[in-house]
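These protein sequence lines map, in sequence, to chains U and E. The numbers in the first sequence follow my numbering, run straight up by one, and end at 399. The numbers in the second sequence follow my numbering, run straight up by one, and end at 1545. We treat Cβ as the ideally placed atom computed from N, Cα and C, and that holds for glycine. Presented below is the structure to which this report refers.
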Amino acid sequence: MQDSSYPPFERLVSDAFVRFESNLRAALPNTAPQVLKLLHGDPPALHPEVALDSRSFPHYLLPYWLSPVRARAVDLEFQSDVLYSTANGSHSIRLCDNIADGDGPSTLRKVAPCAAYFSSEFSRPYMKYFPVHHDFWGFFDKFWAQQVESSSADALLRDVDDQAFLLLCSKKFTATKIPIVAVHLRYEELENSPEEWFKFVDMLGNFVQFNNDFFDWNHDSQYGIITYISSEARRRAPGESLARWFLKEGFDWGASSLRSRFDNVKKEAEFLGNRAVLDWVIARGYALDCDIDEARSDLELVKTFGRIISSAQC
Amino acid sequence: MASEHENEQIFLRACTTNEAFRQALRKKDRDAITKELDHLGIKVADTKAVVDEIVKVNWGELYSLERRLTGRVHPDN
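Listed below in C-alpha cells is the structure:
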C-alpha cells in the first residue's frame, strides 16, 4: 500500500489538520478547545495516521488517489484545500451524528452550533475553484443533502431492516462523493467515470457501516442506539437479550454477512482498477480478518466465564 | 441458580462497568476475585474451586474485550 506518493500525502494531510485546528481556534476561541477535547481527547489527537489507517473510511485518500500523479505534486493548493474541506466536512458530520445518537458526553450537545462553522468551512475552499453556477455545486447540493438525509433518517429509525440499511444507514458516507466530483471536474482524462467511483463509495459505505454496527454492538446497546444488529437480534430471537443472541449466533451471522459485504467492496475495487485503492482494500481485508479473530477470542472469554460459574452451580 | 447465559451476561456487564473486577481477573488476584464474585451476587458451593478455575484462564485478552465492550472500536469515520 505504500507508494512513492505517500510522503507528500502525509505532509498534505498533516498541514490540512494544522490549518483546520488553527482556523478553528482563531474563529471560535472560546469553544474550539472544548469541541476539540470532546471529539479528539485531551490533548486533542488530530494525527495524519487517522487518515491512513485502513480501519478509517478513506475519505481523505480517495480524492488523492483519483488525482493524476503529476497533479498531486504540482497542484498543491487544490489538493490541500480538498483535504482541509474534508476535515471540516467530517467534523460536521461526526459532531451531528454523535449528538443525534446521544453518543458521548452530554456536554457535546452544548457545542452543536459548531457544526455550522464546520459546514461553512467545508464548502468555502471549493468557491475558489468553481464559480457559483458551475456544475460542481449541483453535485455538492445533491450529495450534501443525501448525507444529511441519511444521517437524520437513520437516527429516527426505530427498526433497521435490510432495505432501510441499504437505502439509509449505508449512505452515511455519501459526502465523500463531493471531493471526488471536485477532483473529476478539476482534472481531465481520468481513467474512471465519477459514477464508477460513486459506486465504490456506496459499496464501501455498506461494508463500513455494517462493520461499525457489528463491532460496536455492546457500545451502541449501552447508548440505546438502534442499529441493524440490534434490530436483527429482535427479529431473529424475540424475547432474548441482544447479548444472548450475539453470543449464541449473532456473531457468526454478522461475521459472515460482513465478509460477504467486504467481498463486494473488493470486486468493485478490482473493477475500478486503481492500484492504490486495491492495495488499501487488501490491507482492509487483513484488518477485518484480525478484528473478527480477535472478537471471536474475546467472546470465548465470556463463554468460558459462563461455563466455569455454571458448572460450579450445578 | 443462574444459567450459563445469565452468567455470561453478568460477566459482560461486569467487564463493561466494573474496573475492580477487570483488575482482579488480569492480576489473577484470588482475594479480589472472591470479593468481586460476591459483589456480583454469584453464589457457588465451592468458591475456592471456582477461583482456581478462573485463574487458569488467560485473561490477558481482557484488554481487547474491554476495549470492544466499552468504546467504539473503529477510528473516526
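| Check | Outcome |
| --- | --- |
| The region 158-173 of chain U in contact with the region 96-113 of chain U per 3-pair CB rule at 8 Å | yes |
| Neighbour-count burial assignment, residue 288(U), 16 or more Cβ in a 10 Å radius | buried |
| Pair within 7 Å by beta-carbon distance, residue 1512(E) and residue 1518(E) | yes |
| Cβ-based contacts, 7 Å cut-off: residues of the region 382-396 of chain U near chain E | 382, 383, 386, 387, 388, 389, 390, 391, 392, 393, 394 and 395 |
| Minimum C-alpha distance to residue 255(U) - residue among 383(U), 233(U) and 270(U) | 233(U) |
| Sufficient close CB pairs (3 or more, under 8 Å) joining the region 116-128 of chain U to the region 331-346 of chain U | no |
| Buried versus exposed call for residue 314(U) [16 or more other C-beta atoms within 10 Å across all chains shown] | buried |
| At least three beta-carbon pairs within less than 8 Å, the region 236-248 of chain U to the region 178-187 of chain U | yes |
| Candidates 111(U), 199(U) and 382(U): closest to residue 1533(E) by CA position | 382(U) |
| Cβ-based contacts, 8 Å cut-off: residues of the region 301-318 of chain U near chain E | 301, 303, 304 and 307 |
| Cβ-based contacts, 8 Å cut-off: residues of the region 230-246 of chain U near chain E | none |
| Residues of the region 328-339 of chain U whose Cβ lies closer than 9 Å to any Cβ of chain E, in chain order | 328, 329, 332 and 333 |
| Selection of the region 1512-1530 of chain E by Cβ proximity to chain U, strictly under 8 Å | 1512, 1513, 1514, 1517, 1518, 1521, 1522, 1525, 1527, 1529 and 1530 |
| Buried versus exposed, by CB contacts within 10 Å (16 or more), residue 356(U) | exposed |
| Every unbroken alpha helix (DSSP H) inside the region 143-183 of chain U [4 residues or more] | 146-151 and 154-159 |
| Helix, strand or coil at residue 314(U) [DSSP, three-state] | helix |
| Assigned exposure category for residue 1482(E) - 16 Cβ within 10 Å defines buried | buried |
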